[in-house]
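These notes are about the structure you will find just below.
Residue numbers (this note's numbering), protein chains in the order written: chain A, 2 to 436; chain B, 3 to 199.
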């Protein structure tokens, strides 16, 4: 059930007030964009192939709002992927004019992803637009461990040679099968990385002087689903400062793989080595240790940073008058490419600004012919960049320097020293001549 | 003996310079420029704020695409935003900015002193052909956010009467400057032509 946001509720009166100004001054106003915003709910890049929900954009040229795109695209619209199949995408943007004199370009956007049953609200000032329902799941990849190998000779490394000699006939029969079983175990450890999300969203607003934004993650985590059981790898914080990095190593996954290997091996070896009696347990333990020792270095990339994540990713431009906020950006690092497909998940990107003011009609007292030409030109080029105007705007002045950029103390010291030497030489010369 | 000779030489030189200065002044008074019309508005070349002993060359600068105005890299000079009004213009605003350097050496280091009773201070901009006098009417201490909000008021060229807007930085926090100091100065009469030597 959509709710009416504050910005929306302001749109009608603002538009009315703006329209009065605009209509009374229509000959003097070029069709320049004065407010703009856009929203993108979900972008996925799977094996370098991008797909996504598309974008919803809103622009205002001082006379009216123009929108493009779909506010609530279906998950099925995100084609060419099977990483997410159920969920609710929201992407909304609005642009209007308002402020004290009705000439400020104002814009807002909100974008995000939630599960089924989420409530989507219209975009509003400093407001998020998604209320979570069920959680959405995005598969961030399935771990492929088939490349992990254990050399048969490694299995008995470090074992007492006398014991090996005694057990050789049995081991000769058991080890090949054990090694095969190991590979089967590794291949059978079905481990999937899953982004489990209540709601992940961003919002932004802009006026002619500034743009701001924020992100909100509700009940969001990364799970490792190992043999059907979820293990939490990382709980994403709900609200963070801009550009908070999350480093996601999978040591918990490695530990789970090791546990699974140990269990599987014990079962397998207990049956094969049962007749040996009392030496069975130490032997199995030793073989297990050897297996883990052989597997561990191969899984090392998983214990480094596998997923690179940024929460509340923000970038600004035009002196802070334009902002892009992404609620969550998670990508697989190339180091993990041996185990998972490279994937980039970008959820909830909202962009606002750069906005400006509707032209001041008091200053547009030139003749109408020139104004009409400007209008035609702008319609053709559809420019929305104030910097294409004759007068760029100054929004910041960087006129302070730390001392190291000033004239060097060293140089001044050198000058003083030179003068001192010259002065001394002068005095010496004078004395010599005076004799 | 040598000292006596040196004293005499210096005395002669001083007297000569004084006589020359007097002659030049009298000549200038007796033969003033007959040109009554205002000189053309051309880019500023020199800034002088005598009460603070500020004197700096002015070079044209441009705003970056993201709206940032950087003074010249040489902190002993100041920059004139080349899209802003030229001295003597009756529209727009002449925007000039220069560095304040934490450890000294910035062209506008002393300008901070205008915060305390600086209203009324005399500022002179000199162009190739003219000289424009201003009087400080306002000294603003603004955060960067406030500066951005007041961008049109302080730097816009649509309105205005040719006033001078002089910007530097203030409020050093040990690492960076947190604020801008904005000095507003109004033109005092029309620009006057510079005498050719």
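C-beta atoms are modelled at their ideal positions from N, C-alpha and C, and glycine is treated no differently.
Query                                                                                                                        : Result
Cross-chain neighbours of residue 138(B) in chain A, by beta carbon under 8 Å                                                : What residue 138(B) touches in chain A: nothing, since even the nearest Cβ is about 17 Å away.
As assigned by DSSP and simplified to three states, the class of residue 139(B)                                              : strand
Listed by chain order, chain A residues near residue 150(B) by CB distance under 7 Å                                         : 210, 211, 320, 321, 396 and 397
Pairwise C-alpha distance: residue 59(B) and residue 191(B)                                                                  : 23 Å
3-residue-minimum beta strand (DSSP E) runs that sit fully inside the stretch 157 to 199 of chain B, ordered along the chain : 163 to 174 and 179 to 189
Limits of the alpha helix (DSSP H) - the one that residue 149(B) falls within                                                : 146 to 151
Spatial distance of residue 169(B) from residue 107(B) (CA atoms)                                                            : 16 Å
Buried or exposed (CB count within 10 angstroms, at least 16 for buried), residue 93(B)                                      : exposed
Per-residue contacts from residue 55(B) into chain A (C-beta, under 7 Å)                                                     : Simply none; closest approach about 17 Å.
Rounded C-alpha distance that separates residue 133(B) from residue 106(A)                                                   : 40 Å
Where residue 77(B) sits in the DSSP three-state scheme                                                                      : coil
Exposure of residue 356(A), with buried meaning 16 or more beta-carbon neighbours within 10 Å                                : buried
For residue 82(A), the first and last residue of its enclosing beta strand (DSSP E)                                          : Note, residue 82(A): premise wrong, no beta strand (DSSP E); not H, not E.
Those residues which DSSP pairs with residue 352(A) across a bridge                                                          : 39(A) and 325(A)
Cβ neighbour criterion (16 or more within 10 Å) applied to residue 147(B)                                                    : exposed
Beta carbon of residue 349(A) nearer than 8 Å to that of residue 327(A)                                                      : yes
Bounding residues of the beta strand (DSSP E) (the contiguous stretch that carries residue 136(A))                           : Element bounds for residue 136(A): n/a, residue is neither H nor E.
8 Å Cβ cutoff, residue 103(B) in contact with chain A                                                                        : yes
Buried or exposed (CB count within 10 angstroms, at least 16 for buried), residue 166(A)                                     : exposed
For residue 133(A) and residue 199(A), believed in contact at Cβ under 8 Å, the rounded distance                             : 4 Å
Own chain residues within Cβ distance below 8 Å of residue 266(A), not counting five before or after                         : 179, 182, 183, 186, 285, 288, 289 and 292
Bridge partner(s) assigned by DSSP for residue 46(B)                                                                         : 129(B)
Closest by C-alpha distance to residue 142(A), when choosing among 398(A), 331(A), 400(A) and 401(A)                         : 331(A)
is_contact[residue 256(A), chain B] using C-beta, thresh 8 Å                                                                 : no
C-alpha gap between residue 234(A) and residue 121(A), whole angstroms                                                       : 29 Å
Option nearest residue 104(B) by Cα separation, candidates 196(B), 175(B) and 183(B)                                         : 175(B)
Straight-line gap, residue 249(A) to residue 222(A) (C-alpha atoms, nearest Å)                                               : 11 Å
Secondary structure of residue 413(A), DSSP reduced to three states                                                          : The predicted model places residue 413(A) with a pLDDT of 40, which falls under 50 and marks its position as unreliable; any figure quoted below should be read in that light. Helix.
Contact belief for residue 95(A) with residue 137(A) at Cβ below 8 Å, rounded distance in angstroms                          : The Cβ separation is near 25 Å, so there is no contact.
Residue 150(B) to residue 186(B) span [Cα, whole Å]                                                                          : 16 Å
CB contact below 8 Å: residue 100(A) versus chain B                                                                          : no
Residue 112(B): first and last residue of the uninterrupted beta strand (DSSP E) it sits in                                  : Careful: residue 112(B) lies outside any beta strand (DSSP E) and carries neither H nor E.
Residue 64(B) in three-state terms, based on DSSP                                                                            : coil
Interface flag, residue 106(A) vs chain B, CB-CB below 8 Å                                                                   : no
Buried or exposed by the 16-neighbour rule on C-beta atoms within 10 Å, applied to residue 244(A)                            : exposed
Chain A contact residues for residue 96(B), given Cβ-Cβ distances below 7 Å                                                  : Here the premise fails: no neighbours, minimum Cβ distance about 13 Å.
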